[in-house]
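Worksheet: the structure to be examined is printed underneath.
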Amino acid sequence: MAQIIDGKAVSAAVKEEVAQEAARLKEENGLKVGLAVVIVGNNSASRVYVNNKKKACEAVGFQSYEYALDENTTQEQLLDLVDVLNRDDKVNGILVQLPLPEHIDEKAVINAISPEKDVDAFHPVNVGKIMIGEYSFLPCTPAGVMRLIESTGVDITGKNCVVVGRSNIVGKPQAMLLLQKNGTVTICHSKTKDLKEKCLSADILVVAIGRAKFITGDMIKEGAVVIDVGMDRDENGKLCGDVDFESAEKRAGYITPVPGGVGPMTIAMLMKNTLTAAKQQAGIE
Ligand code: GUN
3 MAQIIDGKAV SAAVKEEVAQ EAARLKEENG LKVGLAVVIV GNNSASRVYV NNKKKACEAV
63 GFQSYEYALD ENTTQEQLLD LVDVLNRDDK VNGILVQLPL PEHIDEKAVI NAISPEKDVD
123 AFHPVNVGKI MIGEYSFLPC TPAGVMRLIE STGVDITGKN CVVVGRSNIV GKPQAMLLLQ
183 KNGTVTICHS KTKDLKEKCL SADILVVAIG RAKFITGDMI KEGAVVIDVG MDRDENGKLC
243 GDVDFESAEK RAGYITPVPG GVGPMTIAML MKNTLTAAKQ QAGIE
């Protein structure tokens, strides 16, 4: 039976580190870290995420600035706001919650955020830096996954790492981070042949494919570390992951639950990136 990786506990430890450092910055440098969160329209899931980000800011002692814009906001108006935030010294990090309404070009908005304030690490400059291993910010979910793997004590060096999913936000950067830690990395996706065989080779399996209970116990190597990035609903409408937890936990060595695994890590890593941004902007190490 697998050991459960407690994302709530690991994320609490990250937030505690950030809170202590934020308090030190305030005391020694008179600096209050600021995060601007922009939400456009009425997407209910986005609303929940944004509220959680605001709460996390409060918990670690950051100032959050929320901009809740109307669904009909034009791309130009949004770009104007990003420009104002780029030039506002109180704002160390800028996060524009995705998805945006269809009439707005997400790429144009991401590209407009100053790379120094891009705490999501979505800007092409920051994406490129990850490729060459010279980054300031890591995208929050893959960075959180790395912390969870680290918490198991399993060394990535030389291990077969399989990432299921190839999104720009999770799969691709996840593969790069595992590679940087000397894993032997395979990226699988919806068109991959022999997916079961590839998953069975994984000492470390990260699943971010967006399909409920897609990976079942028979696809998991005995003793593997299994990280489930999925946030899906099962046939009864109950929250579940991309991994069928019940069958997978019988085979895995370590496994993340959904909820309570990767989810809480994403916001903790966002707080860490915002702190890093503030320190860099102030020239503090
Ligand atoms: N929507 C869902 N996840 C994210 C995220 O990590 N960042 C932003 N900006 N939007 C999201």
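The numbering used here numbers the first residue of the sequence shown as 3 and each following residue consecutively. Glycine residues also receive a C-beta, built at the ideal position from the N, C-alpha and C atoms.
- Taking 7 Å as the cut-off, one finds at least one heavy atom of the ligand GUN near enough to the beta carbon of V98.
- In the structure shown, Y51 falls within a helical segment according to DSSP collapsed to helix, strand and coil.
- Annotation for Y67 indicates a beta carbon at 7 Å or more from all heavy atoms of the ligand GUN.
- The closest heavy atom of the ligand GUN lies 7 Å or more from the beta carbon of D205.
- Runs of the beta strand (DSSP E) spanning 3 or more residues and lying entirely within the segment 200-257 occur at 206-209 and 227-230, in chain order.
- Measuring C-alpha to C-alpha distances from V172 to each of K161, L140, N54 and T159 identifies L140 as the nearest.
- The three-state secondary structure of Q182, taken from DSSP, is helix.
- Only residues of its own chain outside the window of five on either side were considered, and among them L150, S153, T154, Y256, I257, T258 and G263 have a CB closer than 7 Å to the CB of I7, listed in chain order.
- Remark: the C-beta of T75 is outside contact range of the ligand GUN, defined as less than 7 Å to any heavy atom.
- In the three-state DSSP reduction, S46 falls in the helix class (H, G or I).
- Between the alpha carbons of V260 and G232 lies a distance of about 8 Å.
- Going by C-alpha positions, G95 is about 39 Å away from I222.
- Proximity of the segment 207-214 to the segment 225-243 meets the contact definition, three or more beta-carbon pairs being nearer than 8 Å.
- Shown here, N94 sits in coil according to DSSP, grouped into three states, outside any helix or strand.
- Taking a 10 Å sphere around the C-beta of P126, we find fewer than 16 other C-beta atoms and assign the residue as exposed.
- DSSP places D107 in the coil class of the three-state scheme, outside both helix and strand.
- Comparing alpha carbon positions, the residue from L179, L71, I211 and D220 closest to E199 is D220.
- When C-beta atoms of the segment 68-82 are compared with those of the segment 105-112, three or more pairs fall below 8 Å, so the two segments count as touching.
- Relative to L83, the option among N31, V165, G9 and V40 whose CA is nearest is V40.
- Distance from the CA atom of T278 to the CA atom of S138, rounded to whole angstroms, is 7 Å.
- Nearest Cα to K28 within the set F64, K10 and L81: F64.
- With a threshold of 16 other beta carbon atoms within 10 Å, K17 meets it and is buried.
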